[in-house]
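Notes follow once the structure below has been shown.
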Amino acid sequence: MSQSDYYANGGGGFIQGGSPFSASGSPGGARKESSHSLRPLTIAQVIKATQAHTDAEWMVDDAEVGQVTLVGHVISIQPQATNCVYWIDDGTGRIEARHWVDSSSEEDTGKWGGIDESMCVRVTGSLKTFGQKRYVNATHIRASQDPHEIYFHILESIAVTLMIDRGPPSGSGAIGIGSTLADTNTSAYTSQSRPTATDQFSHLPPLQRSIARFILQQPSTDEGIHVAAIARAIGTAGDAQKISDALDKLMDEGLVYSTIDDSHFNIST
1 MSQSDYYANG
11 GGGFIQGGSP
21 FSASGSPGGA
31 RKESSHSLRP
41 LTIAQVIKAT
51 QAHTDAEWMV
61 DDAEVGQVTL
71 VGHVISIQPQ
81 ATNCVYWIDD
91 GTGRIEARHW
101 VDSSSEEDTG
111 KWGGIDESMC
121 VRVTGSLKTF
131 GQKRYVNATH
141 IRASQDPHEI
151 YFHILESIAV
161 TLMIDRGPPS
171 GSGAIGIGST
181 LADTNTSAYT
191 SQSRPTATDQ
201 FSHLPPLQRS
211 IARFILQQPS
221 TDEGIHVAAI
231 ARAIGTAGDA
241 QKISDALDKL
251 MDEGLVYSTI
261 DDSHFNIST
């Protein structure tokens with residue numbers, strides 16, 4: 001089974017901030033407009049992550065992390081007035097994944113309403129602290145349909161950590177994550193320049209490949225590309241819902257990430 005099979009049921013939809021908290025997931029926090037791709041981590045790694053000060057980047061084994069993805073079982077769900085807390089356990093540790101609730105949005109309710117206790121889920125988000133308590137500020141959560149996904153994820157987390165520490169295997173000709181990690185002059189997950197090669201997208205379905213290549217071809221900016229510009233460029237290749245679904249899957253694979261808001265996107269490589 002290929003890596004993409006495990007990401008086939010991506011997050012779905014864009015979250016519009018509806019809580020009194022900022023986009024950073026904590027009161028008064030400001031979201032840093034930096035370029036990070038998605039890093040798979042075990043919960044044990046998240047628990048061991050360090051932060052020099054409250055505004056500093058999170059570090060795992062001396063490497064910056066921005067967006068993270070976890071896979072684990074939902075131990076409990078605790079709905080609250082402004083947020084919903086999911087306790088996630090992957091066998092290496094346990095942590096909160098917190099989703100800020102937009103009760104006025106039917107899309108938000110529908111998107112987050114299908115998660116139950118004891119389910120195995122994939123969570124995507126960023127690390128935050130509030131009241132000296134660490135949690136994952138969840139932007140995507142979906143049920144896992146494959147019983148092997150949690151094992152795949154743990155192995156992927158180990159592989160990525162080893163590549164950051166030692167570099168990709170010599171002579172492997174690896175692309176994708178390996179090529180991202182090869183830039184030792186910056187953070188392993190920070191994009192400072194855009195490669196010209198697009199072979200790394202050849203394994204993607206046509207719509208996802210078109211979106212990724214279009215974003216890659218645009219001038220590099222912190223703001224990224226608005227979803228409307230992507231839709232215009234793709235044209236008849238997909239309607240709004242198909243483009244939204246394709247972007248979700250690209251984010252789940254760590255190829256694309258949102259920038260200044262949930263409507264702007266940039267390439268991770």
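Residues in the sequence shown are numbered from 1 upward in steps of one, following the UniProt record's numbering.
Glycine included, each C-beta is placed from N, C-alpha and C at the ideal position.
Please read these numbers as outputs of a predicted model, since none were measured by experiment.
Considering only their Cβ atoms, is the gap separating Tyr86 from Ile141 smaller than 8 Å? Your numbering for residue 141 matches position 141 in the sequence shown. Your numbering for residue 86 matches position 86 in the sequence shown. For Ile141 and Tyr86, yes; Cβs fall inside 8 Å.
Please report the residue range of the beta strand (DSSP E) in which residue 348 lies. Within the shown structure, residues of the chain are numbered from 1 to 269, placing residue 348 beyond reach of any answer.
Ordered along the chain, which non-local residues of its own chain (more than five positions away) have a Cβ less than 6 Å from that of Ser193? Position 193 of the sequence shown, counting from 1, holds the residue named residue 193. With a pLDDT of only 40 at Ser193, under 50, the local geometry of the prediction cannot be trusted, and no value is derived from it.
Supposed close pair Val101, Thr124 - CB separation, criterion 8 Å: Within the sequence shown, numbered from 1, the residue matching residue 101 stands at position 101. Within the sequence shown, numbered from 1, the residue matching residue 124 stands at position 124. Distance from Val101 to Thr124 at the Cβ level is roughly 17 Å; contact not present, criterion being Cβ atoms closer than 8 Å.
Would you list the residues sitting across from Pro219 in a DSSP beta bridge? Here residue 219 corresponds to residue number 219 of the sequence shown, with the count starting at 1. According to DSSP, which records beta bridges pairwise, Pro219 is partnered with nothing at all.
Taking C-alpha atoms, which residue in Ile75, Pro79, Ile211 lies nearest to Arg94? By 1-based counting over the sequence shown, the position of residue 94 is 94. Comparing Cα positions, the closest option is Ile75.
Ranges of the beta strand (DSSP E) found wholly within the stretch 112–154, counting only runs of at least 3: 120–130, 133–143
Taking 8 Å as the threshold, find out whether the stretch 154–167 comes into contact with the stretch 127–146 through three or more Cβ pairs. Contact between the stretch 154–167 and the stretch 127–146 is not established, with fewer than three Cβ pairs separated by less than 8 Å.
Residue nearest to Gly224 in terms of C-alpha spacing, selected from Gln200, Glu57, His153, Thr259: Counting from 1 along the sequence shown, the entry for residue 224 is found at position 224. Here the closest residue by C-alpha is Thr259.
Identify which residue in Glu156, Asp55, Tyr257 has its Cα closest to the Cα of Ser37. Counting from one through the sequence shown, the residue named residue 37 turns up at place 37. Ranking Glu156, Asp55, Tyr257 by Cα distance to Ser37 puts Tyr257 first.
Express the C-alpha separation of Leu250 and Ser157 in angstroms, rounding to a whole number. Walking along the sequence shown from the start, residue 157 turns up at place 157. Walking along the sequence shown from the start, residue 250 turns up at place 250. Rounded to the nearest angstrom, the two C-alpha atoms are 18 Å apart.
List, from N- to C-terminal side, the alpha helix (DSSP H) runs of 4 residues or more that fit wholly inside the stretch 33–67. 43–48
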